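Chains as they are written, first to last, in my numbering: chain A, 24 to 290; chain B, 24 to 290; chain C, 24 to 290.
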């Protein structure tokens, strides 16, 4: 597989044209941002978490994004129910294991979600991905992201065990499926000072996976688009407040020329 | 009734002067935006959803806005309790039936709210309003808004059956009470790329209905103010991020001259 | 104690360097803002409210911020559990009694939190602080803030009774511990038109208290930083939308020179 700017832009055009419904069961902190990012890229976000309605909502969706950032018992029940319906319908589930490793509740919930409903894509930072696989690493809250070779090895094991794409995001994003590794080198450090841009990346994986059955390609495209919009935004921003604003503006306006001139993928 | 710029601006001045408390039981995605929009227009937003306190909160409020965008069992219970208290106190209830038609849970909840507590104003897009009335239409998520003559006819029936003002919002907003129809032609397409501006419109209906007993007039004023602030914002925005920022800025700064030069109402 | 610009900036540098984990159990309306403000100042925000995980999350945190803005039964249970763990671990609890006085549910909850878990810092507006102490005052929603000498007297009683720092915020912020009163005269009226800046102030108290054992000093520093970033933002803002953006930008960029030239503390 070779992913280039033309193909990425084509997927954006498909998203803009089809406006696929992306169903999000996500955390309170980022709901607004992620809905706005999905609208900016051209998708149709819906948010619904009640057990009474998640299956019906999944039925009108083209992908399901599950983010465990602010868990509670009833939401987990709905996440499992929605994921089961997504599997039944054959639509991809994207899992964002926010804060896994910080508490055993998060770790167990994420593992249960993976074991029972085989997500198409898991996206987290290095410490989350490592903690998801085993109990040997400890995360410091939700922002720990120091990347090591260990993280890559563990991401590969995770991918092989659960037959899914694993994205380890950081200064370089690693998109992994079995032995295949694609690196995306776009992005900017200021992105880590805006809450929920990791969650936004997972939501964008949902938008691309809604229109692209090759989930490695969908994830690579989503991460490249995140990174490029983030770079353009960071060049205009004077801090994290204007960063968030410019990010949404440029996600919305992203052109093929911008992607062509900035894209940094290593396969 | 003739609504003109002078009257709209007078209502804004009354809101700024009285700072009426608008009690919102709304969805997680838009709470921040709608609170900010209410502050920008000069009202005093409160958000409270616990059954233990909603009645007391309604007691200090001048209007109640109920938005079903992220439902759950306990919240529905509180919505019904708050609405009953609002009716008892004689303050207007504004209902935003977000996503009605997408799931039967939303449709049934919205119908129950209407049947038991007769809102003063219902504001939704065409597909929500149509799905609210009967089961013949299906909505695609929460953003479907293709308007048809059918939607107007159904809005009229809804208004007559439940004795309330119905606002069908879209490129043109239709404010309907029985046979009376007022059209507001303000607004900008970029508004649909910012999450929660529909919910914000409902919140502003709450602010105007708090100071204006003619609920048709209150709704027309709210929708005109939304549309005009949206137009000014869109002229300055480069995308949905800056759109949201400019919208709040210009809602806050809205002058009589701006309203006079831009207002497009058809009665 | 003399607090000057050099010391304030030193604390900011410590926060930026240590990136202390600040655990927030806060309201839905402001979660995004407060997480962003904590990131902007250099701290590591985490949000978690499930009873199953709050104790573990407190274990990795350097302070705990409890904000009762959108209460419900299960959240109160978690607040008490988290606060007990914080006390056990010897980390400071910051309480924001949002809307106390508006409903008895809020008043009772805040009093229970204070009585059982002795917060290090309580920060509220005048009406909230007064209503917290006794039932003689009534608040109009969450934004009432008319300050009186009574509020100062009551804040002193509250401080003495519960052995904590009380911050009465408003045009002038009063930081009180027993007989000691420090006034911070920074800030700008436009800050009251942005939702959640009071909650943000409490979150920043959490960031400073995480790195500073003198809780009077930590609170004074947090309120000064809030006010100064607010002043700079207000000079650039044209309304509450751009205010929020500039606030985060300048919280992130705050320099020693800016603090030196603007700081207005009276001891």
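Ideal Cβ positions, reconstructed from N, Cα and C, are used throughout, including at glycine. This structure is a prediction, so every number in the text was calculated from the model and none was measured.
Please determine, among the options, the residue with the shortest C-alpha to C-alpha distance to residue i.
i	options	result
residue 231(B)	288(B), 77(B), 206(B), 143(B)	143(B)
residue 271(B)	53(B), 64(B), 36(B)	64(B)
residue 254(B)	120(B), 115(B), 51(B), 213(B)	213(B)
residue 133(C)	91(C), 42(C), 176(C)	91(C)
residue 87(B)	104(B), 75(B), 51(B)	104(B)
residue 32(A)	281(A), 218(A), 287(A)	281(A)
residue 248(C)	100(C), 275(C), 258(C)	275(C)
residue 208(B)	66(B), 290(B), 183(B)	290(B)
residue 44(A)	233(A), 263(A), 238(A), 286(A)	233(A)
residue 206(C)	183(C), 239(C), 182(C)	239(C)
residue 61(A)	115(A), 38(A), 237(A)	38(A)
residue 59(C)	273(C), 136(C), 106(C)	273(C)
residue 237(A)	114(A), 180(A), 50(A), 108(A)	114(A)
residue 198(B)	211(B), 218(B), 174(B)	174(B)
residue 184(C)	48(C), 137(C), 172(C)	137(C)
Give a yes or no on whether the C-beta atoms belonging to residue i and residue j are separated by under 9 Å.
i	j	result
residue 71(C)	residue 93(A)	yes
residue 226(A)	residue 68(A)	yes
residue 155(A)	residue 201(A)	no
residue 222(B)	residue 77(B)	no
residue 73(C)	residue 96(A)	yes
residue 216(C)	residue 268(C)	no
Would you decide whether residue i is buried or exposed? Buried here means 16 or more other CB atoms lie within 10 Å of its CB.
i	result
residue 127(C)	exposed
residue 284(B)	exposed
residue 4(C)	Here chain C covers residues 24 to 290 and nothing more, so residue 4(C) does not appear.
residue 139(A)	exposed
residue 203(B)	exposed
residue 186(B)	exposed
residue 157(C)	exposed
residue 40(B)	exposed
residue 196(B)	buried
residue 119(A)	buried
residue 258(B)	exposed
residue 235(B)	buried
residue 75(A)	buried
residue 296(C)	For residue 296(C) there is no data in the structure shown, the boundaries of chain C being 24 and 290.
Does residue i come within less than 9 Å of chain C when only Cβ atoms are used?
i	result
residue 119(B)	no
residue 265(A)	yes
residue 273(A)	no
residue 279(B)	no
residue 268(A)	yes
residue 218(A)	yes
residue 134(A)	no
residue 51(A)	yes
residue 234(B)	no
Could you round the C-beta distance between residue i and residue j to whole angstroms and report it? I think they count as a contact, below 8 Å.
i	j	result
residue 80(A)	residue 46(A)	5 Å
residue 277(C)	residue 35(C)	6 Å
residue 251(C)	residue 191(C)	Residue 251(C) to residue 191(C), Cβ: 19 Å. No contact.
residue 55(A)	residue 52(B)	6 Å
residue 149(A)	residue 193(A)	6 Å
residue 288(A)	residue 26(A)	6 Å
residue 228(B)	residue 146(B)	6 Å
residue 89(B)	residue 116(B)	6 Å
residue 181(C)	residue 189(C)	5 Å
If we cut at 9 Å on Cβ distances, does residue i have a partner in chain B?
i	result
residue 155(C)	no
residue 115(A)	no
residue 261(C)	yes
residue 125(C)	yes
residue 166(C)	Legend: pLDDT at residue 166(C) = 46, less than 50; position of this residue unreliable, value from coordinates given subsequently. Answer yes: the Cβ-Cβ gap between residue 166(C) and chain B drops below 9 Å somewhere.
residue 55(C)	yes
residue 128(C)	yes
Using a C-beta cutoff of 9 Å, does residue i count as contacting chain A?
i	result
residue 47(B)	no
residue 211(C)	no
residue 94(B)	yes
residue 142(C)	no
residue 223(B)	no
residue 201(B)	no
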